[in-house]
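Q: In the UniProt record's numbering, the protein residues as written are 1 to 153.
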Amino acid sequence: MNYWLMKSEPEECSIDDLARAPNQTVPWVGVRNYQARNFMRDAFALGDGVLFYHSSCPQPGIAGLAEVASAAYVDATQFDANSPYHDPKSKPEAPRWLHVDVRFGRKTRLLSLAEMRAEPRLQSMRVLQAGNRLSITPVSTEEWRALQELLAD
DNA sequence: GCCAACGTTGGC
DNA sequence: GCCAACGTTGGC
Numbered sequence: 001m002n003y004w005l006m007k008s009e010p011e012e013c014s015i016d017d018l019a020r021a022p023n024q025t026v027p028w029v030g031v032r033n034y035q036a037r038n039f040m041r042d043a044f045a046l047g048d049g050v051l052f053y054h055s056s057c058p059q060p061g062i063a064g065l066a067e068v069a070s071a072a073y074v075d076a077t078q079f080d081a082n083s084p085y086h087d088p089k090s091k092p093e094a095p096r097w098l099h100v101d102v103r104f105g106r107k108t109r110l111l112s113l114a115e116m117r118a119e120p121r122l123q124s125m126r127v128l129q130a131g132n133r134l135s136i137t138p139v140s141t142e143e144w145r146a147l148q149e150l151l152a153d
C-alpha cells in the first residue's frame, strides 16, 4: 500500500466534483509529465491512498481523501485534436500518456498549504520542497499518518 | 501579473 | 550530448 498526493485545479475538478461524479470516480486524464506518468505506471496500485489537493486557486491545500481505482491505461485525450491535452507527437501505436481512475473517499476540512508548511511532521513532504512542480508526489507512511490526524477534526 | 524553478525542445 | 531558449507550473 502506497500513498500519493495528487494536485487538481478545483475549477477543473474539485473534491465536490469528484463526490458527484458517476461512481464517484474520475479518469485522471491530462498528466503530461514523464515523472508523474511513471509513478502511475510503475508504482501505483489499486487501493493506494490519495490526498486530493486543490492547486492554482485562492486556497491551495488538501481538500479530501481518495483512492486509486484502476491500473494505468492509455489516456485517450492525447489523440483528440480538440482536447486541451492533445499531444500531436504521440502515436496510437506507441501512446506516451497514461492515467488511472481515482475514486472519492471523503471530503475533509481544508488543510491549507500554509498549515502544511508549518507542521513539523510534514517537513519532508515532496510537495513542500522548493521548486516542486510535480502534480503527483509520493507520501510516506509517516506523513500519511500525521495527515490523518490533522484531517480528523 | 510576477517570477522562480524546472522540463522540454531543437540547433549545433 | 550540450545548452540556450522557451513554455509551464503554481504560489503569492
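Positions of the beta carbon are idealized from the N, C-alpha and C atoms, including for glycine.
Do residue 104 and residue 18 have their C-beta atoms closer together than 8 angstroms?
A: Position 104 of the first sequence holds residue 104. Position 18 of the first sequence holds residue 18. Yes, these two residues count as a Cβ contact at 8 angstroms.
Q: Taking only the alpha-carbon atoms, compute the straight-line gap between residue 29 and residue 102 and give it to the nearest angstrom.
A: Looking up residue 29 in the first sequence gives position 29. Looking up residue 102 in the first sequence gives position 102. Cα to Cα, residue 29 sits roughly 10 angstroms from residue 102.
Q: Return yes when the Cβ of residue 15 is within less than 8 angstroms of the Cβ of residue 63, no when it is not.
A: Start at 1 with the first residue of the first sequence, and residue 63 comes out as number 63. Start at 1 with the first residue of the first sequence, and residue 15 comes out as number 15. In contact: residue 63 and residue 15 (Cβ atoms closer than 8 angstroms).
Q: Compute the Euclidean distance between the alpha carbons of residue 112 and residue 5, then round it to the nearest angstrom.
A: As a first step, residue 112 must be located in the first sequence, where it is residue number 112. As a first step, residue 5 must be located in the first sequence, where it is residue number 5. Distance between the alpha carbons of residue 112 and residue 5 is about 14 angstroms.
Q: Opposite residue 4 in the DSSP bridges: which residues?
A: Within the first sequence, the letter at position 4 stands for residue 4. According to DSSP, which records beta bridges pairwise, residue 4 is partnered with 50, 138.
Q: Could you please give the first and the last residue of the uninterrupted alpha helix (DSSP H) stretch that includes residue 11?
A: Walking along the first sequence from the start, residue 11 turns up at place 11. It spans 10-13 - the alpha helix (DSSP H) in which residue 11 sits, taken as one unbroken run.
Q: So, does the stretch 139-152 touch the stretch 84-91, judging by three or more C-beta pairs under 8 angstroms?
A: no
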